[in-house]
Amino acid sequence: MIRQYELIDKILKYNPRADIALLNRAYVFSMKAHGNQKRASGQPYLVHPLEVASILADLKMDEATIATGLLHDTLEDTLATPEELKNLFGAEVAELTDGVTKLSRIEFNSKAAEQAENFRKLLMAMSKDLRVLLVKLADRLHNMRTLHHVEKPEKRVRKAQETMEIFAPLADRIGLHAVKTELEDLSFREINPEAYKRLEDRLIEVREQDNLVDRVVEILEEELKNANIEAKVFGREKTIYSIYRKMHKKNLAFDQLTDIVAYRVLVADKAACYETLGMIHNVFKAIPGRFKDYISAPKPNGYQSLHTSVIGPFGNRMEIQIRTEDMHNIAENGVAAHWLYKAVDPKLKREKMDPYGWVRHLVESLQETEDPEEFLENAKVALFTESVFVFTPKGDLFALPAGATPLDFAYHIHSDIGNRCQGAKINGKIVPLKTPLENGDQIEVITGKTPKPSPGWREFVVTAKARSAINKYLRAQEEEEQTELGRDMLEKAAKRDGITFNESALHGVLGKLPNVQHVHDVYKAIAQGRLFVRQIFDQIAPHTAAAAAYSQPMPADAAANLGFTKPTEENAIGIEGLTHGMSLHLARCCHPVPGEDIVGIIHTGRGVTIHNKACHNLEALSDQPDRFIPVRWNLPKKVSEKQQAYPVRLKVSMHNKPGALAGFTTAVFNAGGNIIDLHSEGKYSDVFIIRCDVEVHDVQHLQSLMAVIAAVKTVNHVERVVN
Ligand code: MN
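So for the sequence shown, this note's numbering puts the first residue at 4; every next one is plus one.
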């Protein structure tokens, strides 16, 4: 266990002007506050805050953060109050300690809704001051190191899972690579002890067998000395968890792994890195395709190194990483930690370099998400993926999660830009909207005047902001469409039945209709099939409702288009004699539509009614052949001309499930059909039957409409009703 004076020594090494008095006061306060509390290990409790402070010192944190490490459990576990801390250590330390305490109260293994809320709290705490998270991670690291002292196995596994799922990825996200790796390894040992033990045994076996690592390190040191390069050489075994993960990911057996050990050469400067590389390639045989220069092209998180793989002195393949001390520091502890202690003035720290801008952006973008599960998923995606850095045409830099597309970029700039996005250029070339962005890309968004988000966009965007904005727009649009469809259905039905109807009449009966509050709720309910036109008319006009007429007057221009054939049959009647003075009607029993075989029936004094040739009512007239006249449709050839709408009646049986009717009406709507009335014909436990009057243009339209309806998942059967 570390002592206070050793901690101070460690801090003074990287920060000679550190406020030692503050750290000593914090130490004494924590010691007194915790009194003779004990850890599960039986050690004095004070050991824990001291170790946490020591981890933070290894990360080269500032005094306020380390003092917070010493004090971090005093608010939760002792009688100390925030006011006391503020008086003794100042507002900064008091706020940080308070933040860590709040963070520690968050439970992560709860229900989705609570978990989302807790995640939100975590992000909020982090976005205020990321040092809170750094203390929390150091706290968790020490608790994981001493987890074996905890007696209850369930508690150990729960902590390990939480660490694996939440804290290791968070450490990774802020660049604390060494912390992440250790957290994962400690968690894995608890979650999968058998696998851990097996791999550990194999590693020990390999290590003892030939003492390879030390011999390779010696040889490398020798060669570097010969080349006059000052260097430190390390051979570090990868952690058991990272070996396990690699075996799983690449489906390899233990013996097939080539890089159980990573060799690292640390040198004075960049030039020495390349010099070392040259020497290594000179002495050992390089494996082609394995050389990577992350010095000229750093990874997005700031990582720099030269990587190469060679055939080692004993015929073994080995990976060597070459870097400077500075680069090494960043590789282990991230740019974030690096910046935190480098910047002296905290104000400068916040304004000039903002390594945590992404946390704030994340919180902002997640605020639009209401569904807890969606929130969680978005938060995890946004947190646990690496960034890609791209530019606007003006040269402004934006960080987006890896895999982001130009559409994510457009939404990142503004939801309105995203909604109106029609295309994009990457580095001056037009590309599909789903093209993944790469580091350094310059993106130009092409926008139209009106928003046109497509449901397909949700398939490829990766940012929470884009997905939420698209969902929001589509939901609003769907509501609008349904409202319009419902209003249309109601108006048409009213007109047909001769009912005077307007919105104020509808207002008057709102209270008598189920589950509606506003007029637009009524429209929506009609479109979704939750309300029937008849129910509304029964309220608005109980007396006039629906005396079903035998026939309806034919639309004027449809009548004009309905020509008679030349007399081809013996008793055919001439055209002229009929077209003058005789009105035409479409039969309401069989609803003929253009393209179908039809026949005209003469009604003395009422004109001619056009029936579908398949109409059953015709049978009753078979003894009066003189009333039949042969007719055929004579419609404009060009489909593009204004099309007349003809009603037909369908009988549809569907699963009695929520949303089944909405699925049906949406399908009709999408196929260009216009629903004018819906009647329930019976509702059973599993089946629901409706009769639906829908307007179509002609028989082809009707056929395609019926095919679309039949394809709806919740529809069992659809048929045309003639009579
Ligand atoms: Mn603690």
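Backbone N, C-alpha and C fix where the C-beta goes; we use that ideal spot for every residue, glycine too.
Nothing here was measured: the structure is a model prediction, and the numbers come from that model.
Which whole-angstrom value describes the C-beta separation of residue i and residue j, a residue pair presumed to lie in contact below a C-beta threshold of 8 angstroms?
i	j	result
V711	A665	Their Cβ separation, rounded to whole angstroms, is 15 angstroms, which puts V711 and A665 out of contact at 8 angstroms.
L488	F672	6 angstroms
R320	I283	With a Cβ gap of about 14 angstroms, R320 and I283 do not count as contacting.
P650	H594	6 angstroms
V268	K288	With a Cβ gap of about 18 angstroms, V268 and K288 do not count as contacting.
What is the rounded straight-line gap between the Cα of residue i and the Cα of residue j?
i	j	result
T450	L59	48 angstroms
Q555	C618	Model confidence at Q555 stands at a pLDDT of 41, short of 50, so the residue's coordinates are unreliable; what they give is reported in the following sentence. Cα to Cα, Q555 sits roughly 16 angstroms from C618.
P316	V219	7 angstroms
K63	D444	34 angstroms
A467	I416	13 angstroms
R205	V270	32 angstroms
R353	E484	Interpretation of R353 is limited by its pLDDT of 38, a score under 50 that renders its predicted location unreliable; the figure taken from the coordinates is listed afterwards. Rounded to whole angstroms, R353 to E484 spans 47 angstroms at the Cα level.
K660	Y476	26 angstroms
A266	D217	Sequence check: residue 266 is Tyr here, not Ala. Each residue's alpha carbon lies about 11 angstroms from the other.
H700	E506	29 angstroms
H588	I543	29 angstroms
S625	H614	14 angstroms
D22	D101	21 angstroms
V103	L133	10 angstroms
T438	T408	6 angstroms
A713	I601	26 angstroms
H341	D61	Note that H341 scores 45 on pLDDT, short of 50, meaning its location in the model is unreliable and no value can be drawn from it.
A36	R159	27 angstroms
A623	R723	21 angstroms
S707	G598	13 angstroms
V138	A70	10 angstroms
A24	Q46	26 angstroms
Y687	E698	28 angstroms
N27	M34	11 angstroms
S190	F412	36 angstroms
I152	T68	According to the sequence provided, residue 152 is His. The question's Ile does not apply to it. Cα to Cα, the separation comes out at about 27 angstroms.
R537	N719	25 angstroms
From which residue to which residue does the beta strand (DSSP E) around residue i run?
i	result
I632	631-633
Q425	424-429
F92	Taken as a continuous stretch (DSSP letters only), F92 belongs to no beta strand (DSSP E), being part of the alpha helix (DSSP H) at 85-107.
D696	690-699
A680	Note that residue 680 is Asp in the sequence shown here, rather than Ala. Residues 677-686.
Q40	It is not in any beta strand (DSSP E) - Q40 carries neither H nor E in the DSSP assignment.
T311	309-314
T68	Counting along the chain, T68 falls outside any beta strand (DSSP E), though it belongs to the alpha helix (DSSP H) covering 66-74.
Q324	320-327
S299	From DSSP, S299 is part of no beta strand (DSSP E); its letter is neither H nor E.
S656	649-658
E154	Careful: E154 lies outside any beta strand (DSSP E) and carries neither H nor E.
K432	432-434
T450	446-450
Just to confirm, does residue i get its C-beta within under 7 angstroms of one of the non-hydrogen atoms of ligand 1?
i	result
V55	yes
H51	yes
D101	no
H75	yes
D142	yes
What first and last residue would you give for the alpha helix (DSSP H) that runs through residue i?
i	result
G666	663-673
G603	Note, G603: premise wrong, no alpha helix (DSSP H); beta strand (DSSP E) at 601-606.
V135	134-148
F535	Element bounds for F535: n/a, residue is neither H nor E.
Y728	Not covered by the structure: residue 728. The range shown for the chain is 4 to 726.
M709	702-713
Y8	7-17
P409	409-416
S507	506-512
Under 8 angstroms, Cβ to Cβ, is there at least one residue of chain E near residue i?
i	result
K139	The structure shown contains no chain E; it is built from a single protein chain.
Residue ranges of each alpha helix (DSSP H) run of no fewer than 4 residues wholly in the region 221-272, ordered along the chain?
243-253
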